[in-house]
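With our numbering applied, the sequence shown corresponds to residues 58 to 267, in that order.
For glycine and all other residues, C-beta sits at the position ideal for the given N, C-alpha and C.
As the structure is a computational prediction, the values presented were derived from the model and not from experiment.
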Amino acid sequence: MILDFDKLQATPLERDPYEHVVVERFVLPEQFPSVVADFPELPGPGLHPPSAVELKGAFATMLEEFHGVRFRDIIAQKFEVELAGKPLMATIRGYTRARDGGMHTDSETKIITVLIYLNNSWDKEGGNLRLLRDGTDIENYAKEISPVEGTLLVFKRSDRSWHGHLPFEGPRRAIQLNWVTDRFTAFKENARHFMGSKLKAAHETIGTRS
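This is the structure in structure tokens:
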């Protein structure tokens, strides 16, 4: 077992500034070093679907647990939303660009957003995710989440689910999962991220050879 489902089950839902739950060390501390060691090699910044990279070891096991029925059912019960039969898509990020992290609510096709952070420590001003009270001021936030040590954030997407972080450029390991409204959306988004990932890999290979 990689993930602490009992801890998630026991963590109450918060409603300020919108429905969310934060669980520190959701990745069991004794498993965290192995997950980080098995983090996949990614071809550049941006979002990469698991199908586009090589998965192994504890990292692969962790992703399987996220896709399991137990995690889905805990989230469905906690947020009082039906997730059975809804597609779950995942993307992996290893590097954040300065332009990433602007204020947004997520698209209407997303039902639930899940973020898991896989950095050993964080002493930067940028890159700490903020749960915002509106979409006009990055400083008007209810909570700031440091992207470290297996911290989990789950929130229900709505017109109020504003979030973002101050600019940061550099390594920042995270996984994003989303239950989405329909299979076409999942197929389209996975295809887009897959092609983007493969193009970055090809560009990286060409750059190495030149």
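CB contact flag (residue i, residue j, <8 Å)
i: D61; j: F83; result: yes
i: K135; j: L70; result: yes
i: P224; j: G183; result: yes
i: P106; j: Y152; result: no
i: V237; j: M146; result: yes
i: D163; j: R214; result: yes
For residue i, the residue or residues it bridges with in DSSP
i: K245; result: None, per the DSSP bridge assignment.
i: N176; result: V205
i: A147; result: L234
i: T170; result: F212, N235
i: E139; result: Answer is none; E139 lacks a bridge partner.
Residue nearest to residue i in terms of C-alpha spacing, selected from the options
i: N176; options: D63, A94, V78, P74; result: A94
i: E81; options: T208, R249, L234; result: T208
i: L172; options: K64, A67, V78; result: V78
i: D239; options: R230, A141, R150, R249; result: A141
i: M252; options: P204, K113, K200, L104; result: L104
i: A155; options: E226, A199, E139; result: E226
i: R229; options: I195, R190, D180; result: D180
i: F241; options: A133, T68, P144, S91; result: P144
i: T170; options: D63, E196, Y75; result: Y75
i: A231; options: F212, H220, L256, P204; result: P204
i: H315; options: G159, E165, K167; result: Given that the chain is displayed from residue 58 to residue 267, the structure contains no residue 315 and the question cannot be resolved.
i: F212; options: I132, S91, D63; result: I132
i: D216; options: T166, L256, I202; result: T166
i: S178; options: I202, A117, D157; result: I202
i: V92; options: I168, E122, A243; result: E122
Rounded separation between residue i and residue j - CA only
i: H161; j: S218; result: 8 Å
i: Q233; j: H222; result: 15 Å
i: M58; j: A115; result: 9 Å
i: F89; j: Q66; result: 20 Å
i: R127; j: K245; result: 26 Å
i: R72; j: V138; result: 15 Å
i: I149; j: H124; result: 14 Å
i: A248; j: N235; result: 15 Å
i: I263; j: P100; result: Because I263 carries a pLDDT of 48, less than 50, the predicted location of this residue cannot be relied on, and the following value inherits that uncertainty. If I take the Cα positions, the gap works out to 12 Å.
i: A109; j: K200; result: 33 Å
i: I195; j: E206; result: 24 Å
i: K113; j: Y174; result: 18 Å
i: E98; j: E111; result: 8 Å
i: P86; j: T68; result: 17 Å
i: D63; j: A243; result: 29 Å
For residue j and residue i, believed in contact at Cβ under 8 Å, the rounded distance
i: Y198; j: L210; result: That pair is no contact at about 13 Å.
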